[in-house]
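K.L.:
Starting off with a structure, shown below.
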Amino acid sequence: MHAKADQRIRVTLTLNGRERSGYAEPRTQLCDFLRHELGATGTHVGCEHGVCGACTVRVDSRASRSCLMLAVQAEGRRLDTVESLAGEEGLSDLQQAFRRHHALQCGFCTAGILMSCEEFLDRVADPSEAQVRDMLSGHLCRCTGYTGMVQAVLEVARTRREAAVPDSQLENNDV
Numbered sequence: 783m784h785a786k787a788d789q790r791i792r793v794t795l796t797l798n799g800r801e802r803s804g805y806a807e808p809r810t811q812l813c814d815f816l817r818h819e820l821g822a823t824g825t826h827v828g829c830e831h832g833v834c835g836a837c838t839v840r841v842d843s844r845a846s847r848s849c850l851m852l853a854v855q856a857e858g859r860r861l862d863t864v865e866s867l868a869g870e871e872g873l874s875d876l877q878q879a880f881r882r883h884h885a886l887q888c889g890f891c892t893a894g895i896l897m898s899c900e901e902f903l904d905r906v907a908d909p910s911e912a913q914v915r916d917m918l919s920g921h922l923c924r925c926t927g928y929t930g931m932v933q934a935v936l937e938v939a940r941t942r943r944e945a946a947v948p949d950s951q952l953e954n955n956d957v
């Protein structure tokens with residue numbers, strides 16, 4: 783479809799598990815569409831050049847910079863923002879670990895970092911510290927120094943691995 787720059791196009795996608803629709807001009811960045819049209823304000827806009835990582839969301843389960851994607855490109859896709867992490871029971875295990883390890887301060891970059899960490903943990907069940915630091919190198923944080931983030935991710939990876947091992951296997955290993 784060809785559209786003039788001032789025309790708004792209906793964009794329908796699945797946001798945090800719910801089908802949502804809104805309107806965007808063809809040049810609207812996905813981050814702005816999420817924040818201003820769909821109300822997902824946990825997605826922060828930083829550099830608008832894909833460098834800082836503050837706007838990271840998951841698009842079809844992959845961490846993606848929402849400032850480098852147009853809203854119209856998200857048509858029909860599944861998007862998850864930081865709002866998807868916490869459930870009715872409260873903060874996710876990753877969010878709780880960030881809190882315990884003081885992995886956030888001002889919080890501006892945290893939403894994007896959490897989304898990258900969650901996607902990373904889905905792919906890498908037993909990461910090394912170097913792998914976690916490498917993943918985090920795609921994000922700019924001026925407050926924390928990253929040490930707490932690394933500790934939080936390693937703790938969650940360990941806890942999730944232990945939870946995935948059947949109790950009978952744990953008992954046999956103790957003998």
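Counting the sequence shown from 1 gives a position; my numbering is that position plus 782.
We treat Cβ as the ideally placed atom computed from N, Cα and C, and that holds for glycine.
#1: Taking 8 angstroms as the cut-off, decide whether the C-beta atoms of Phe890 and Ala836 are in contact.
#2: How many angstroms separate the CA atom of Val957 from the CA atom of Cys829?
#3: Under 8 angstroms, do Arg790 and Glu807 count as touching if we go by C-beta distance?
#4: Per DSSP, what kind of secondary structure is Ala874 in: helix, strand or coil?
#5: So the alpha helix (DSSP H) Asp916 belongs to, where does it begin and stop?
#6: With DSSP run on the structure shown, which of helix, strand or coil describes Ala885?
#7: Pick out whichever of Arg840, Leu795, Gly832, Phe815 has its Cα sitting closest to the Cα of Ser919.
P.N.:
Straight from the coordinates:
#1: Here Phe890 is near Ala836, since their CB atoms are less than 8 angstroms apart.
#2: Caution applies to Val957, whose pLDDT of 43 falls short of 50 and renders its modelled position unreliable; the value that the coordinates give is listed next. Put simply, the backbone Cα of Val957 is about 54 angstroms away from that of Cys829.
#3: Taking 8 angstroms as the Cβ cut-off, Arg790 and Glu807 qualify as a contacting pair.
#4: Checking the sequence shown, residue 874 turns out to be Ser, not Ala. Coil at Ser874, not helix or strand.
#5: Going by DSSP, Asp916 is part of the alpha helix (DSSP H) stretching over 911–918.
#6: Three-state result, Ala885: coil.
#7: For Ser919, the closest alpha carbon among the candidates Arg840, Leu795, Gly832, Phe815 is that of Gly832.
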